[in-house]
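Chains as they are written, first to last, in numbering that gives the first Met the number 0: chain A, 0 to 336; chain B, 0 to 336; chain C, 0 to 336; chain D, 0 to 336.
This report refers to the structure that appears directly beneath it.
4 protein chains.
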Amino acid sequence: MIIVMEKHAADERVERVVAELIGRGFDVHRSTGADQTVLGVVGDVASIDQREFELFDGVQEVFRVSEPYKLSSRTFKREKTIVTARGVPIGGHEVIIMAGPCTIESEEQLLVTARGVAKAGARVLRGGAYKPRSSPYAFQGMGVEGLKLLRAAGDEVDMATVSEVMEISQIEGMLPYVDILQVGARNMQNFNLLSALGQIRKPILLKRGMSATIQEWLLAAEYIMAGGNYEVILCERGIRTFETATRNTLDISAIPVIEKLSHLPIIADPSHASGRRDKVVPLARAIVAAGADGVLIEVHHDPEKAVCDGPQSLYPAQFARLMDELRIIVPAVGRSM
Amino acid sequence: MIIVMEKHAADERVERVVAELIGRGFDVHRSTGADQTVLGVVGDVASIDQREFELFDGVQEVFRVSEPYKLSSRTFKREKTIVTARGVPIGGHEVIIMAGPCTIESEEQLLVTARGVAKAGARVLRGGAYKPRSSPYAFQGMGVEGLKLLRAAGDEVDMATVSEVMEISQIEGMLPYVDILQVGARNMQNFNLLSALGQIRKPILLKRGMSATIQEWLLAAEYIMAGGNYEVILCERGIRTFETATRNTLDISAIPVIEKLSHLPIIADPSHASGRRDKVVPLARAIVAAGADGVLIEVHHDPEKAVCDGPQSLYPAQFARLMDELRIIVPAVGRSM
Amino acid sequence: MIIVMEKHAADERVERVVAELIGRGFDVHRSTGADQTVLGVVGDVASIDQREFELFDGVQEVFRVSEPYKLSSRTFKREKTIVTARGVPIGGHEVIIMAGPCTIESEEQLLVTARGVAKAGARVLRGGAYKPRSSPYAFQGMGVEGLKLLRAAGDEVDMATVSEVMEISQIEGMLPYVDILQVGARNMQNFNLLSALGQIRKPILLKRGMSATIQEWLLAAEYIMAGGNYEVILCERGIRTFETATRNTLDISAIPVIEKLSHLPIIADPSHASGRRDKVVPLARAIVAAGADGVLIEVHHDPEKAVCDGPQSLYPAQFARLMDELRIIVPAVGRSM
Amino acid sequence: MIIVMEKHAADERVERVVAELIGRGFDVHRSTGADQTVLGVVGDVASIDQREFELFDGVQEVFRVSEPYKLSSRTFKREKTIVTARGVPIGGHEVIIMAGPCTIESEEQLLVTARGVAKAGARVLRGGAYKPRSSPYAFQGMGVEGLKLLRAAGDEVDMATVSEVMEISQIEGMLPYVDILQVGARNMQNFNLLSALGQIRKPILLKRGMSATIQEWLLAAEYIMAGGNYEVILCERGIRTFETATRNTLDISAIPVIEKLSHLPIIADPSHASGRRDKVVPLARAIVAAGADGVLIEVHHDPEKAVCDGPQSLYPAQFARLMDELRIIVPAVGRSM
């Protein structure tokens, strides 16, 4: 931590800050210039609330030097993490496509869709059984019955499965059926849920909160990893801005930013980011071109009849064409598909 | 719901939309102008995802006419709701001040602070026992032991108590000690928690999510009310914007907006909104001047030693001076204190 | 325009709104449902401020049906516009790369950079002679002397030229040297400047304002086009959000959104959007993959010595590699390069 | 400027950064901890683009210590500036209310409104003669004819006058009629205009840009002050956020933030911030309670007939009631009115 004193701050003010720091067990390096003193604070500064020192008389600014997250940081682990779910490696050379319906509705719906996306080359099957709906009057998901259908469909087409967990009490019941547990944007800072997921040993797909900074997102990953579960996949899904032409603003820059700051795999979800089918295709191409490790896409064999988010679901044929386009792009980022 | 067709849309395109609507059991009013047709859809349109119709050929735009929330709306209930917690009426003529430390740390800390804020005129005592911390390495709260201290302190100074609930499993243990259960900003869309709180019969203080629209906030209240618990207090606490000079941007306009849209009491929290003591005082005055039903303020008898958020906690003497200033302001909004 | 009356609004309130509309010369279509009346307003509603009607007693909501922009809209002109600058077609089959230094510093700097980008395949040479600097103490550009260097360099390598105009008084002096006049983000709503640019007959590259909605951006284009200058190229350059990891948040979704709403060419600038060289390359790939008509990139032969924005400028060799990557991507969007 | 090297950065990397700094004429203080080196850079660092050093190998982070603005800073000038316009002191003990119509429409409209607001206690008369309209098809203002009416009305009721300047060419023609020249939000970074206003000797009312940070706003003031015109009044008018319930989000916290960072007077405009009459009154009260030096309010004697922004204009009687409420509040902030 760096504490910058005001220009010409009185010596006793500098002394008071130094005394406080030493009293708390930190080492202090003092750098005195012609008209300004700067203090370098050494020790476990993660425990300090920097605003405490901002309020001392004579202090101009306080900077936190070290990142508050550790386990998810590239500083902590240089080489990229590959998370493996039922044999599918996420974060490696291959760009992984995860696809399937927003919500599991029936055996037929899931099977038809699963066969379509598997044939086109998707490796992970998505499908929601517990649905976070902004209105209490909307359909809330099929629950465990849906998960059984997901497992069966995944087995038939040889795909790993991913589904959202909303509540601690659901975790145990999901484990037999789901290869990757997804934490939705609205739960990114549900710290009790994150801690509970740190106790299991299955990959977690952690969506970015609607207005979470990248640092907060990595701290959320830290909650999971601090419990010993290091298999975290990050998923960008759009942030909230003033623009209303799309449901959210896909933060495409987050892909190279995460790539630099963290060793965890980073994928993105163009379906929730845009909210409309005709925008999903160009965004999916952009995500791969930006260097993401994967894409999470909603596909429905009959979107007009979808219980939820039909308008942002691709038709199977559209998805197949998109896969062809992505295959053209991957060599440009030195990847395969 | 209103569906606006494109200019000169072919008749068969209009017919297709109308047929779909009628097939789903809605009534349709058709208004045909010189070059444009507009369809009014009547029935329980809350179940429609408007994007489905946006994707029909020939459709230009779709507007949802009715608010998606019901129980929290002024349309549903004209007269203002007064929520009463241990005899303290929130939403009535009196502006209610809730004050106390961010985190309960010890019996002495809580008692000294409670006596100070009670003497100055605060009616509700706040204090956190379960703390949502963005880092897993930070102090997570005293739990039930803290709640017992809160109850004892509240009883001594004759104040109602408010404390945050983070997880369904904590609810039952909190009921004996807490008069108002607070849902934090990060849990505003933790729908399972909201539903569970709909099953109890105690007032809920629902903080606005960091990037929640006012409509989403009212829908979150709806989750609680749909369960039969109508005692919801809304609390504005700052939204996330590009400005970094303050921790969050207090959305002061939310106060008159909520006042118009909803019958629920609306208060605001200047401590979390600004994150710094020297900004809390002017914001608290502004909140009351804007017409809020109350203010939630962090006060600590010794902020330098506070375990959490000390820099945004007022000193008891500062709080007392603020109360004097608020007493000057309340007649300007036709209220008492 | 659609006016939705409140449920059970008294007839006389409906009558008052209708009378006002008819008094102003509009036609009104009335649709009366079981419990709600909806009014469709026909005529030149662009002149109405919809809030006027929102304030009438009994009115619940007012929707504007037609877009407020005309000349820039796909409704007005279905086929895509190709803007041609010194023989370079922007908006056609070929993806056009514009490259060069942020600021023109010297003949040598510009020539070395121009030769590098021309060889790699760029078609338009950029270079600033008038610089909008947020601090009055920073270098403000070489002015006309710089423009002469730009023209000479463009001629030598056979590229069109683009440079920013900040002030009406600069326009005339720029015309002999510049093929495309750029309006910067900070001037997107400098309406006097836009109107003046509507009077000339040269292509205008209109950057999106830092917090402009897409609709405001198209209205700014309208200012230029209303004067008779239809040669407008739109350029997305990042919007301001709460995220601070990048200078701005590139709104990649704006590319398909503009493609649908407008017939004007749409390009994007990854250099200003990200502010850092290592993010420019992945964003440039994403921009092309999303379907943009071109990319505007800062390149400097010696970025460490650049007077301005060196950290976001690519090295010529980096730029050449990027061009190779983009050539891999373009077939995926059905384009050439 | 502070440069933080990565943990265990190789000595030669540290040396390279130090050599570069010394080569540019800066002094460097080096602080070497157990595992990390921090460099303090002394000299005129305002000229450095900090990203240049962020890109050096081995550099972890770079912090700018000093504010980039000088003349507008409290560090530069401790005592509050009082700007005086035709005898009206802005920034002193008295809270100054500026009121009048959005747009000057006619002699009668202006006179009736001016008499109303003068009688209620307003000290400065506002009225637009050049209007920045987002659509080219909207009324653009009466120009000099309007300014003459403004001067005459101001003289009759003994008020100072304020009106917006949009273009350098308008300045000279405005000087005889206007006591305060207003720079609108859209022109906050129109640097040529700001520089030109630095050459005159009349107070400037500088509105905050729609998405300007407070630092950028102070830098815009710096442009004016660098020319020798120190009479700058800052005006908060709402920033752009994701919330759509109000036109903009009034950043009420900006008032105490500016009060701390700058010696310039700070006022706010609730009319543009909210866009609706029923929100203007509570926001105006909040602005005064937060400690602002003044309020800028739109009032129209007949808002239904207003050419522009009628829905956000107060009726004269509403304005008079608001003034009474503000008179109750001012003692709470130690001010008079």
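We put the beta carbon where it would ideally sit given N, CA and C, even for glycine.
Item, Value
"What's the gap between the Cα of P302 of chain B and the Cα of E106 of chain B?", "16 Å"
"Measure from the C-beta of Q188 of chain A to each C-beta in chain B and report whether the shortest distance is under 8 Å.", "yes"
"With 8 Å set as the bound, which would you pick, yes or no: does the beta-carbon of K278 of chain B sit closer than that to a beta-carbon of chain D?", "yes"
"Only counting the same chain, and skipping five residues up and downstream in sequence, which positions put a Cβ closer than 7 Å to that of L282 of chain D?", "L249, P269, A272, S273"
"Answer yes if the stretch 236-256 of chain B comes into contact with the stretch 240-247 of chain C, meaning at least three C-beta pairs across the two stretches below 8 Å, and no otherwise.", "yes"
"Taking only three categories from DSSP, how would you classify F318 of chain D?", "helix"
"If you compare alpha carbons, which of B:S261, B:N247, B:A121, B:T74 is closest to A219 of chain B?", "B:S261"
"Determine, using beta carbons only, whether V82 of chain D and M336 of chain D come nearer to each other than 8 Å.", "no"
"For the alpha helix (DSSP H) holding E19 of chain B, just list the boundary residues, first then last.", "10-22"
"Suppose contacts are defined by Cβ-Cβ distances below 8 Å. Is A84 of chain D in contact with D178 of chain D by that definition?", "yes"
"Which first and last residues belong to the alpha helix (DSSP H) in which M224 of chain A is found?", "213-225"
"Taking the CB atoms as reference points, tell me whether V294 of chain C and I328 of chain C lie closer together than 8 Å.", "no"
"What would DSSP say about T102 of chain C, mapped onto helix, strand or coil?", "strand"
"Is there a C-beta anywhere in chain A that falls below 8 Å from the one on M209 of chain B?", "yes"
"Hey, out of B:A316, B:G237, B:M158, B:I1, whose CA is closest to V58 of chain B's CA?", "B:I1"
"For E242 of chain B, name the three-state secondary structure that DSSP assigns.", "coil"
"Hey, does R154 of chain A have any beta-carbon neighbour from chain C nearer than 8 Å?", "Checking the sequence shown, residue 154 of chain A turns out to be Asp, not Arg. D154 of chain A does not count as touching chain C."
"Pull up the distance between the alpha-carbon of V156 of chain A and that of S133 of chain A, whole angstroms please.", "33 Å"
"Got a sec, what are the start and stop residues for the beta strand (DSSP E) K147 of chain C sits in?", "Here K147 of chain C belongs to no beta strand (DSSP E); instead the alpha helix (DSSP H) covers 143-156."
"Quick one: what does DSSP say V280 of chain A is sitting in, helix, strand or coil?", "helix"
"Counting only Cβ pairs nearer than 7 Å, list the residues of chain C close to Y222 of chain D.", "P135"
"Output yes if chain A places a C-beta closer than 8 Å to the C-beta of E242 of chain C; else output no.", "yes"
"Only counting the same chain, and skipping five residues up and downstream in sequence, which positions put a Cβ closer than 6 Å to that of T80 of chain D?", "G90, H262, L263"
"Of the residues that make up the stretch 17-29 of chain B, which ones have a beta carbon closer than 7 Å to any beta carbon in chain A?", "none"
"DSSP has M187 of chain B in a bridge; who is on the other side?", "BP columns for M187 of chain B are empty, so no partner."
"Output the distance between the C-alpha atoms of L146 of chain C and L180 of chain C, rounded to the nearest integer angstrom.", "12 Å"
"Could you tell me the distance, in whole angstroms, from the CA atom of P131 of chain B to the CA atom of V41 of chain A?", "27 Å"
"Can V61 of chain A and V37 of chain A be called in contact, C-beta distance under 8 Å?", "no"
"Determine the chain A residues that contact E324 of chain C at a beta-carbon separation under 8 Å, and present them in chain order.", "A331, V332"
"Considering T84 of chain D, what are the terminal residues of the beta strand (DSSP E) in which it resides?", "The question names Thr, yet the displayed sequence has Ala at residue 84 of chain D. Note, A84 of chain D: beta strand (DSSP E), 82-84."
"Under a three-way DSSP split, which group does Q181 of chain D fall into?", "strand"
"From the beta carbon of P255 of chain A, is the nearest beta carbon of chain C less than 8 Å away?", "yes"
"A159 of chain B by DSSP, collapsed to three states: which one?", "strand"
"Would you verify that the beta carbon of D48 of chain C is, or is not, closer than 8 Å to some beta carbon of chain D?", "yes"
"Identify the continuous alpha helix (DSSP H) that holds R269 of chain C and give its terminal residues.", "The amino acid at residue 269 of chain C is misidentified as Arg; the sequence shows Pro. 269-273 is the extent of the alpha helix (DSSP H) around P269 of chain C."
"What does DSSP give as the partner residues of T31 of chain C in its beta bridges?", "C:T36"
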